[in-house]
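I have placed the structure first, in the form of structure tokens, so that the comments after it can refer back to it.
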């Protein structure tokens, strides 16, 4: 049964089915490399395409690619431009559509500021980690949080994962995708697709 | 509450949580191209890595890459060998682990025959399509089917989708991932990750 139109319950139900107040950041610094050193990882151009298409599929408000390396930001901006307004826009309109909400930022703070300036409030921050922590929350609980008021930022680390301090400062920590099967090495683009589906799929 | 150990209900519950009797085929022929012509698409080497890791994450029995092009089969076999026993096995053992159940076949019939010869029975065949058909089944129903006896083959088309005849001959047709949001252009590697999660995630 649906709640009566216009009521708070109705608004919450509709909101729970839309991703417009949820944003996603793909973070290239600070992340770990194979040797557990903190580095700026390289942008994988295929991640840009794949994740933009997943974001579009689930109606995500904005997709941010975060890197402090100016040359890499320029590269991503050129890719995005090619598909948004260049030859790519004619060649593949579905890709153009996917990339319309894609942005490039220098730092995670810049992402938070951009969301705050566009929506009038800072987002709550949510990270995933391959490890389960005492404060990790499940996907059902997170769906409830996302259906409430406010903006949200899902943060994903590249390389060998987000620097520990970023994880600790996040408002919410999501449970690992498959906690207990002994193998946890999904590509970040696959993890993002699965997590968006768990949090936002039509049910 | 769990059913008593050793009972049929217990076996079915365990089976429902394992992917060992589920196999996956990534099909490069017969598929459509952009102009709706039937073609053999090129193998994307990144698909091989991404999908192998998703299969390993969900415990899939075997991952088959299907192409009638001998040069492409050779290419995939070289990639798989590099990570299984070549330098890659030392460099990245988690990738080696992911690729251990990866095989290359000439045709879809060869995949079915391989499964039949290894397990003593042909698999039921399951395809997904971006379009909903009258006989499409949902993910809850499919989980029940997969928890029952027998081998299963999930088939995914590359390019612009599996040739219609292959879809029509399949035993089951899975419902589209996001049927009613107006945008349905996920990369096949993302669609596979989401579908394996829906069918096999620990709950």
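Protein chains in written order, with the working numbering: chain A, 1 to 203; chain B, 204 to 406.
We put the beta carbon where it would ideally sit given N, CA and C, even for glycine.
With distances taken from CA atoms, which of the options is nearest residue i?
i              : options                           : result
residue 276(B) : 229(B), 363(B) and 337(B)         : 229(B)
residue 379(B) : 372(B), 401(B), 369(B) and 362(B) : 401(B)
residue 131(A) : 124(A), 161(A) and 112(A)         : 161(A)
residue 163(A) : 18(A), 93(A) and 39(A)            : 39(A)
residue 305(B) : 360(B), 263(B) and 324(B)         : 263(B)
residue 358(B) : 314(B), 247(B) and 389(B)         : 314(B)
residue 271(B) : 390(B), 310(B) and 225(B)         : 310(B)
residue 30(A)  : 184(A), 109(A) and 149(A)         : 109(A)
residue 97(A)  : 88(A), 118(A) and 145(A)          : 88(A)
residue 295(B) : 321(B), 325(B) and 252(B)         : 252(B)
residue 302(B) : 323(B), 325(B) and 259(B)         : 259(B)
residue 407(B) : 372(B), 354(B), 278(B) and 223(B) : Lying before the first or after the last residue shown, residue 407(B) is absent from chain B, which here runs from 204 to 406.
residue 403(B) : 346(B), 284(B), 352(B) and 341(B) : 346(B)
residue 390(B) : 223(B), 247(B), 222(B) and 238(B) : 247(B)
residue 221(B) : 330(B), 282(B), 332(B) and 352(B) : 352(B)
residue 250(B) : 224(B), 237(B), 261(B) and 283(B) : 283(B)
residue 121(A) : 34(A), 153(A) and 134(A)          : 153(A)
residue 178(A) : 169(A), 71(A) and 191(A)          : 191(A)
residue 166(A) : 129(A), 141(A) and 185(A)         : 129(A)
residue 170(A) : 83(A), 53(A) and 126(A)           : 126(A)
residue 337(B) : 308(B), 265(B), 317(B) and 371(B) : 371(B)
residue 278(B) : 293(B), 307(B) and 318(B)         : 307(B)
residue 183(A) : 318(B), 322(B) and 298(B)         : 298(B)
residue 342(B) : 21(A), 78(A) and 202(A)           : 202(A)
residue 254(B) : 399(B), 398(B) and 392(B)         : 392(B)
residue 245(B) : 274(B), 288(B) and 257(B)         : 274(B)
residue 317(B) : 293(B), 269(B) and 238(B)         : 269(B)
residue 412(B) : 265(B), 239(B) and 261(B)         : Any question about residue 412(B) goes unanswered here, given that chain B covers just 204 to 406.
residue 388(B) : 195(A), 85(A), 58(A) and 5(A)     : 58(A)
The beta strand (DSSP E) spanning residue i covers which residue range?
i              : result
residue 376(B) : 375-377
residue 103(A) : 102-105
residue 199(A) : Premise fails: residue 199(A) lies in the alpha helix (DSSP H), 188-200, not in any beta strand (DSSP E).
residue 359(B) : 355-360
residue 270(B) : No beta strand (DSSP E) contains residue 270(B), which DSSP labels as neither H nor E.
residue 130(A) : From DSSP, residue 130(A) is part of no beta strand (DSSP E); its letter is neither H nor E.
residue 22(A)  : 22-27
Tell me whether residue i, by its Cβ, gets closer than 7 Å to a heavy atom of the ligand GDP.
i              : result
residue 118(A) : Annotation note on the ligand GDP: not contained in the displayed structure, which lists no ligands.
The alpha helix (DSSP H) spanning residue i covers which residue range?
i              : result
residue 91(A)  : 87-91
residue 281(B) : 273-287
residue 260(B) : 248-260
residue 183(A) : Taken as a continuous stretch (DSSP letters only), residue 183(A) belongs to no alpha helix (DSSP H), as it is neither H nor E.
residue 369(B) : 367-372
residue 161(A) : Note, residue 161(A): premise wrong, no alpha helix (DSSP H); not H, not E.
residue 321(B) : 311-322
residue 350(B) : 342-350
List the residues of chain A whose Cβ lies closer than 8 Å to the Cβ of residue i, in chain order.
i              : result
residue 371(B) : Chain A residues near residue 371(B): none, gap ~25 Å exceeds 8 Å.
residue 331(B) : By Cβ distance, chain A contributes nothing, its closest Cβ being about 13 Å from residue 331(B), past 8 Å.
Since residue i meets chain B, which of its residues come closer than 8 Å, beta carbon to beta carbon?
i              : result
residue 186(A) : 256, 257, 260 and 396
residue 33(A)  : Within 8 Å Cβ-Cβ: nothing; residue 33(A) doesn't reach chain B, min ~13 Å.
residue 94(A)  : 386 and 388
Just to check my reading of the structure: residue i and residue j have Cβ atoms closer than 8 Å, yes? What is that Cβ distance to the nearest angstrom?
i              : j              : result
residue 193(A) : residue 350(B) : No, residue 193(A) and residue 350(B) are not in contact; Cβ-Cβ is about 24 Å, not under 8 Å.
residue 327(B) : residue 267(B) : About 15 Å separates the two Cβ atoms, so there is no contact after all.
residue 23(A)  : residue 158(A) : Between residue 158(A) and residue 23(A) the Cβ distance is about 17 Å, and since that is not below 8 Å, they are no contact.
residue 377(B) : residue 340(B) : 6 Å
Strictly below 9 Å CB to CB, what residues from chain A border residue i?
i              : result
residue 404(B) : 177, 178, 194 and 198
residue 392(B) : 50, 187, 189, 190 and 193
Going along chain B, which residues have a C-beta under 7 Å from residue i?
i             : result
residue 36(A) : The contacting residues do not exist; residue 36(A) stays about 15 Å from chain B at best.
Please compile the residues from chain A whose C-beta is within a distance smaller than 7 Å of the C-beta of residue i.
i              : result
residue 319(B) : Ordered by position in chain A, no residue passes the 7 Å Cβ test against residue 319(B), which lies about 27 Å from the chain.
I'd like to know whether the C-beta of residue i is nearer than 8 Å to at least one C-beta of chain C.
i              : result
residue 402(B) : Although the question refers to chain C, the structure presented lacks it and instead comprises the protein chains A and B.
Query raised in the report: If you measure beta-carbon to beta-carbon, which residues of the stretch 247-273 of chain B are closer than 8 Å to chain A?
Result: 249, 252, 253, 256, 257, 259, 260, 261 and 262
Query raised in the report: Can you list, in chain order, the residues of the stretch 300-314 of chain B whose Cβ is nearer than 8 Å to any Cβ on chain A?
Result: 300 and 301
Requested in this report: Below 7 Å between beta carbons is the criterion; list the residues of the stretch 133-153 of chain A that meet it against any residue of chain B, in chain order.
Outcome: none
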